[in-house]
Structures are given as structure tokens and as C-alpha cells.
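Undergrad: Taking our numbering, I'd label the letters of the sequence shown as residues -18 to 511. Every residue gets a Cβ at the ideal spot worked out from N, C-alpha and C, and that includes glycine.
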Amino acid sequence: MGHFARECPNAERVDAENGDDRPAAADYVPPEPSQDEEVIFSTIQKGINFDKYDDIPVEVSGNDPCRCINSFGEADLYDSIGENVRRAKYDKPTPVQKYGIPIVSAGRDLMACAQTGSGKTAAFLLPILSGLLRDGLQSSALSGQQCPQCIVVSPTRELAIQIFDEARKFSYKTMIKCVVIYGGTKVQHQTSMVDRGCNVLVATPGRLLHFINSGMISVEKVKYLVLDEADRMLDMGFGPDMEKLVNNPAMPKKGERHTLMFSATFPNEVQERAAEYLDNYLFLTVGRVGGANSDVRQVVVEVPQAAKKDKLIEILQSQPENDRTLVFTETKRGADFLASYLSQSGFPTTSIHGDREQREREEALNDFKRNRASVLVATSVASRGLDIPAVKHVVNFDLPSEIDDYVHRIGRTGRCGNTGLSTSFYNPEKDATISRALIKILADAHQDVPEFLENVADSAIGTYHGNTGGGFGGRDTRSGPRRGGGGGGNRGNRDWNSGGQGGGQESWNSGGGGGGGGGGGAAEDEEAWD
-18 MGHFARECPN AERVDAENGD DRPAAADYVP PEPSQDEEVI FSTIQKGINF DKYDDIPVEV
42 SGNDPCRCIN SFGEADLYDS IGENVRRAKY DKPTPVQKYG IPIVSAGRDL MACAQTGSGK
102 TAAFLLPILS GLLRDGLQSS ALSGQQCPQC IVVSPTRELA IQIFDEARKF SYKTMIKCVV
162 IYGGTKVQHQ TSMVDRGCNV LVATPGRLLH FINSGMISVE KVKYLVLDEA DRMLDMGFGP
222 DMEKLVNNPA MPKKGERHTL MFSATFPNEV QERAAEYLDN YLFLTVGRVG GANSDVRQVV
282 VEVPQAAKKD KLIEILQSQP ENDRTLVFTE TKRGADFLAS YLSQSGFPTT SIHGDREQRE
342 REEALNDFKR NRASVLVATS VASRGLDIPA VKHVVNFDLP SEIDDYVHRI GRTGRCGNTG
402 LSTSFYNPEK DATISRALIK ILADAHQDVP EFLENVADSA IGTYHGNTGG GFGGRDTRSG
462 PRRGGGGGGN RGNRDWNSGG QGGGQESWNS GGGGGGGGGG GAAEDEEAWD
């Protein structure tokens, strides 16, 4: 049972949202992953809106775009990988998979932007695993330096674990050896995992560089380099680490390796930085880039800071007792205090943030997934990528300062065609600078815009710092032809849209974006050290 906030031994810690204090060496050894087939292939069940994915607009830009697929049978997956797709009960590919799988299979570099919960992980794992089996696995010594052929880098530990679980699922009963390494755990334990052989390595940046610098991992045989949540990986928080990785003398140069980048948001300046690592790449956009998931009903209510706790209690009391609710705060200390308050108010609650020990973070997440705690209070460490089954409600107790972070947060619900609800507490004394961007997100997703928010936006001095726009806002910054179509794909093989859809940017959409949280976020999301 993960410990609850009221029992948290870290409650008296000084908040260090951007602190640089190096933690003591970790001795945590994670439990061995389950070998039970039912557990390995458990997944979020597709929701009532899954078939509506076929209507989502898709655009591919770049030289010689690949034909999309309309079924997994057309994907030319290696037999054992295709069998695992069937074991996972994947009936048909989502739009990002219809276009992404053939692009990766063709050996093209890719920058892909698709809404949260749309199946981006499978879009790169399935063709990569098939390619490794088809081309022949590199043999790995049982000790000494390991040379993975695929490296997937993730900004948070929890997301790295999730990607690893997906890789294990799709490589089930094959000879592919998948390993995950991340901070907050005992280095010697992860060294022993790597020494057993490593074809696919999933890692957070700090732990990956430690293993490379210590000689335990060599990047000389890397064929696939994947940056998940790539906008976060290339911002000022993790950008220097990514430079060290791709500029490692042993790393195959671009054009010799396949580099893939996936995210739900891609600000223009991040695209420009990403292009330095990509060779003749295709840019794939699915839906409104940087826009909110249309399966999430968004509610914004005006709540002064002092009234937020009472309002949250009111919301929790009004919904079914066992409904999972994810609550976001801006600070680690705020997360612990709020989780403690909710626990004392009778709501089983736990918290997750960057100052909690890794054992506590994993226990908290497991408690929430298994409904031992129906409320999880979190900072941005839980805002990206995580697939938590049956999250009914996301509450922004504190709104983030960047609109891209808002999009990622509310994307923890409404996944895989399921519907969800988000409620955001708008504090007029603090949140005015995000008001225009928030209106844009709501309007583009056909959500109600409250009158108070429109009034605030009319008088707001702040400018938009995000990445949404009309139609394909934040689209490929390069000029050139674009191939467009619906999520079903057939039209996408014929229609060419020189101007794309919804071409112009609105007046509050200038500036291109704030990089999904800026440079200070690394200390919150994932330590750069081990």
C-alpha cells in the first residue's frame, strides 16, 4: 500500500521546486515486473468515441510522404509482433498509428504531434520491434558493455516505466531484451538488469548519461533514437542532456540512425531545435496540434485562492465515491499539504511529485491505479504520457503558467476514445496571463467559455504562450507540400493541401510558444543526476 500524505515522512521537507541539492544515493530496488500474460496485456479499454478517431484530420509534410495503412494487417509487422497486437486486443490502428507505423517502417525520421491518449507509443514501438527482428538482433554479452539498438528517452521516471511495460508487451515471446533505467533506484540493480542483455533501452536522461559515461552502455550500435514528449526533452531543462547524447562520438550521425520524436505539443522554437537532430524528416500532425483532447469536457470556474479547498471538497462529495480523480498543483509542498487535507477530510488520497522517494512515487501511483486511493494529488511529474485506467476527472487546483502544460494535464482523462471531465480553478489574481490562451483551447474544442473568462481576457495584458492555432496551429515550420486527410487515411493518399487547414494564426497566437514549461521544469519532472 503506497503511503498516504498524512503519513508522509517527507512532509516537513523544504520545497525545492527548482532546487539543485543533490539527493543521497538511492538504494531502492523496484519489484520485478509481472510475467503473467494477463497482466502484461492489460490495457485501457477503448471508449465510445474510439471510432470518431477516423474523422480526425491528419497532415503529413516533408519529402515523399509514405502511404498510410488502414489496418494492422497492412502494417507488415513481424509475425510475433502482430500476434502480440492481437493479444493486446488492438482492433484497428489510431490515426497516429496509421501514418506513423509506415513512416518508421520505411526508415524515415519523424516528428509526430498527436493529441493525448491517441496511441503514440505503439506508433513507434511496433515498427521498431518488427525492424529489429527482421534485420537481426545484435548479440549481447552476458556481462560487460551493452550496445542497445534502440534507445527511448523519457522526461519522467513514471513514463519511462510505462513505455518499458509497452515494449515488454509488444516484444512478448520474442528474443528482444528490453530494459528500463531511471533515477531514484539503486544503480547496481539496474546495472545487473542491463548486463543480462539489452536490445531496447528505455531511460530518463540523467541515468542514461551516467550509464554511458561509466562505460556500461555504448551508443555505437543505436539504430533508433526516440524522444518521447520531445518538446519537453528539447527545452531548456533537458536540452543540454540531449545535446550530450546525440553529440557522443560513438552515436551514429543523423542519416545513419533513425530519429523519432513524439509529443502532443510542438512549439515552433522546439521544432527548430529538433530539426538539428533529424534528417530529411516527415512532420505528422494528427488533429489540432497543441489542442485539447475533444473527448474531455472542460469546465473552468472562478475560485479565489482561499476558497479552493472547499470547492474541491464540494466536487469530490458530488461524484461517485470510487471515481478516480487526479488533482494538479503547482508546487510539491502544495501537493503534500492538499493530499493531507483531503485524507483528513475522509477521501483516500496520495500524492506524487519530484521530492518523494522513488519507492513512494511508485507505491502512490499503484495505489491510485488499483483504487486504494481514489484521489491522486500531483505536480507536473504526472502531467505527461501516463496511462492510468479510468481516470474520470482531472482537477487543476492550480492552473499552470503555460497552456501546453494545461493540454497535457487534462489529457490524463478521456483516453483511447473514452470520455472525461476536467475542472480548472481560475484565480483572477494569478491566472490572467493564461486567459486568452485558455479561451482559445476551449473554443477550438467547442467547449463553453465562461463570461468571466472572456471579460478577463479582454483586459489581460499578458500574451499567448502556447502552441495552439486554428486548424493545424503550430504546424511544420518548414515550407513545402503537405498531404492531408482524415484519420481513416484513404483521402490522405490523394489530397494535397498547399495551404493546409485553418492556415492563419489568430492575434493572440503569435510568439510560437513557451516550450512546455521552460527551463525550470527539470528539477520537478526528473532529476538530471542519479
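Taking the alpha-carbon positions, what's the S405 to S324 distance?
TA: Between S405 and S324, the C-alpha separation is close to 21 angstroms.
Undergrad: Out of curiosity, what's the CA-to-CA distance linking E(-7) and H389?
TA: Interpretation of E(-7) is limited by its pLDDT of 37, a score under 50 that renders its predicted location unreliable; no figure is taken from the coordinates.
Undergrad: If you drop the 5 nearest sequence neighbours on each side, which residues of the same chain put their C-beta closer than 7 angstroms to that of K235?
TA: Excluding sequence neighbours, K235 sits near Y258, L259, D260.
Undergrad: Put Q78 into one of helix, strand or coil per three-state DSSP.
TA: Residue state, collapsed to three classes: helix.
Undergrad: Quickly, what does DSSP pair R305 with across the bridge? List them, please.
TA: Beta-bridge pairing links R305 to V372.
Undergrad: Going by CA-CA distance only, name the one from C128, A438, A69, D45 that's closest to V20.
TA: Ranking C128, A438, A69, D45 by Cα distance to V20 puts A69 first.
Undergrad: Just mark K313 as buried or exposed, buried being the case when its beta carbon has 16 or more other beta carbons within 10 Å.
TA: With 16 or more other Cβ atoms within 10 Å, it is buried.
Undergrad: Tell me the start and end of each unbroken beta strand (DSSP E) in the region 118 to 161 that is at least 3 residues and wholly inside, in chain order.
TA: Fully enclosed beta strand (DSSP E) runs of 3 or longer: 131 to 134.
Undergrad: Pick from L263, K289, L346, R269: whose alpha carbon is nearest that of I422?
TA: Of the candidates L263, K289, L346, R269, the one whose C-alpha sits nearest the C-alpha of I422 is R269.
Undergrad: Below 8 angstroms, can you find three or more Cβ-Cβ pairs linking the region 92 to 99 to the region 176 to 195?
TA: No: the two stretches stay apart, fewer than three of their Cβ pairs being nearer than 8 angstroms.
Undergrad: Determine, using beta carbons only, whether C131 and K204 come nearer to each other than 9 angstroms.
TA: The answer is yes: Cβ separation under 9 angstroms.
Undergrad: From what residue to what residue does the alpha helix (DSSP H) around I333 run?
TA: No alpha helix (DSSP H) holds I333; the beta strand (DSSP E) holding it covers 330 to 333.
Undergrad: With L263 and V41 assumed to form a contact (beta carbons below 8 angstroms), what rounded beta-carbon distance in angstroms separates them?
TA: Contact holds; Cβ gap of about 6 angstroms.
Undergrad: Sort P248, P12, A56, E201 by Cα distance to N228 and report the nearest one.
TA: Residue E201 is the option with its Cα nearest to N228.
Undergrad: Tell me which residue opens and which closes the beta strand (DSSP E) that H239 is part of.
TA: Where H239 is concerned, the enclosing beta strand (DSSP E) stretches over 239 to 244.
Undergrad: Name the residue from R337, S173, S382, D386 whose alpha carbon lies nearest to the alpha carbon of G272.
TA: Here the closest residue by C-alpha is D386.
Undergrad: Please go through the same chain and pick out, in chain order, the residues whose beta-carbon is closer than 6 angstroms to the beta-carbon of L208, but skip the five residues on each side of it.
TA: Only V134, M214, M242 meet the Cβ criterion.
Undergrad: So, is S403 buried or exposed, given that buried needs 16 or more other C-beta atoms within 10 angstroms?
TA: So S403 counts as buried.
Undergrad: According to DSSP, simplified to helix, strand and coil, what is K204?
TA: K204: coil per DSSP, three-state reduction.
Undergrad: Just verifying my parser: in three-state terms, what is the DSSP assignment at Q169?
TA: Here Q169 sits in helix by DSSP.
Undergrad: Check whether the Cβ atoms of T97 and G395 sit closer than 9 angstroms, and answer yes or no.
TA: Going by C-beta atoms, T97 is nearer than 9 angstroms to G395.
Undergrad: Skipping 5 residues on each side, what residues in its chain have a beta carbon closer than 7 angstroms to that of Y71?
TA: Excluding sequence neighbours, Y71 sits near F53.
Undergrad: Could you give the residue range of the alpha helix (DSSP H) that holds P38?
TA: It is not in any alpha helix (DSSP H) - P38 instead sits in the beta strand (DSSP E) that spans 38 to 42.
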